[in-house]
Amino acid sequence: GAINEASWALGSPSRTRGDPVEALRAATAVEYLSGELTSAPRWYRMSPLTKMEMLQARAEVRQALGIRQDAPSQVVVNALIGATWDLMHGNQAAAMHVLSSPPFTQPPEQTWQVLNNLPYLPSARAATAEAAAQEFRDG
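Take a look at the structure:
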């Protein structure tokens, strides 16, 4: 699921380097999880600290990708999924158009460069690893 996807991808920058689709999947997972873990009853046993760390991870990922911190999460998820879909279907021009949409604050070319060389994101790595460990432990 989203926890394992993000934990694996963000465990090392080499896992997403040169693979913007994988970087987008990880970013989408963090964006989704930051809301899911704090609102869905399924996660009541997850540590409140981990949930708070996931919110910090979302802020870190948004900063790296040039996404407005105040953008509604669903708008961001939709944009990230749209760009992922476009790239998976070979339509880089459409993905670049999505990356120029309102939640993004940087020129799409700059976001594209980041997606191709996602930096080490320590808060996101730690939060997703901790969530993965708790998911496994708590089932």
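Residues 3 to 141, numbered by our numbering, are exactly what the sequence shown covers, in order.
Beta carbons are placed, not taken as given, at the ideal position from N, Cα and C, and that holds for glycine.
- Leu123 sits away from Val79, with the two beta carbons spaced by 8 Å or more.
- Of the candidates Ser102, Pro105, Pro50 and Val116, Val116 places its Cα closest to the Cα of Leu26.
- Rounded to whole angstroms, the gap between the alpha carbons of Pro109 and Gly92 is 21 Å.
- Within the same chain, Ala96 and Ala97 come within 6 Å of Asp88 by CB-CB distance, once the 5 residues on both sides are set aside.
- Here Arg127 is buried. Its C-beta has 16 or more other C-beta atoms within 10 Å.
- Ser9 is classed as buried because its beta carbon has at least 16 other beta carbons within 10 Å across all chains shown.
- Counting only runs of 4 or more residues that sit fully inside the segment 47-81, the alpha helix (DSSP H) segments are 50-67, in chain order.
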